[in-house]
Amino acid sequence: DAVSFLVKQMVNYQAIGFASEVSGRFQDARGGSQSTGLIAVSQASYVGIFAYAWLNELANTAALTGSSVSTSISTVAVHNWAGHANEDVTSLTSCVLEVASDHD
4 DAVSFLVKQM
14 VNYQAIGFAS
24 EVSGRFQDAR
34 GGSQSTGLIA
44 VSQASYVGIF
54 AYAWLNELAN
64 TAALTGSSVS
74 TSISTVAVHN
84 WAGHANEDVT
94 SLTSCVLEVA
104 SDHD
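Structural data, given as structure tokens:
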């Protein structure tokens, strides 16, 4: 148990007091309401990624013009800590389009 607190005075939106000199309650990693709090420390890590293209619509005009059409895709990782900014991880990812064979 790392922390606890005492509510000196609590009022509602009409400034009517409804609690004073009572122990506060925590919702922590243990689950449920506790009178003392548990602090959990963890290492920053990725919890998800999202990808986006700079060009939002890509029309395949190669059959008409003979030129290939492409756009870059950026990949961004999201951390488990609110204080850490999203991180560009494009160099760690790849995007591949596999063409189905005639036998499928």
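Under my numbering, residue 107 is the last one in the sequence shown; the count climbs by one each step, no gaps.
Even glycine gets a Cβ: it sits at the ideal position worked out from N, Cα and C.
Predicted model, so just to flag it, every value in this text is computed and none were measured.
Closer than 8 angstroms: residue i CB and nearest the ligand PLP heavy atom
i    : result
Phe8 : For the structure depicted, the ligand PLP is absent and the ligand set is empty, with no information on it obtainable.
Residue i vs residue j beta-carbon contact at 9 angstroms
i     : j     : result
Ala54 : Ile76 : yes
Val72 : Val92 : no
Ser36 : Ser7  : no
Contacts around residue i, its chain only, beta-carbon distance under 8 angstroms, and the 5 residues preceding and following it disregarded
i      : result
Leu9   : Glu24, Val25, Ser26, Gly27
Asn196 : This structure cannot settle anything about residue 196, because the visible part of the chain is limited to 4 through 107.
Residues near residue i by beta carbon distance below 6 angstroms, same chain, minus five either side
i     : result
Ala22 : Val10, Met13
His87 : Ala47
Same chain, Cβ closer than 7 angstroms to residue i, five either side skipped, listed in chain order
i     : result
Ala43 : Ala32
Gln30 : Ser36
Option nearest residue i by Cα separation, candidates the options
i     : options                    : result
Leu58 : Gly51, Ala65, Ala66, Thr74 : Thr74
Ala5  : Gln30, Leu61, Leu41, Ala62 : Leu41
Ser48 : Gly34, Ala56, Ala85, Ala65 : Ala85
Ser97 : Gly34, Ile52, Glu60        : Ile52
Beta-carbon separation (whole angstroms), residue i vs residue j, contact threshold 8 angstroms
i     : j     : result
Val50 : Asn89 : Rounded, the Cβ-Cβ distance is 11 angstroms, inconsistent with contact.
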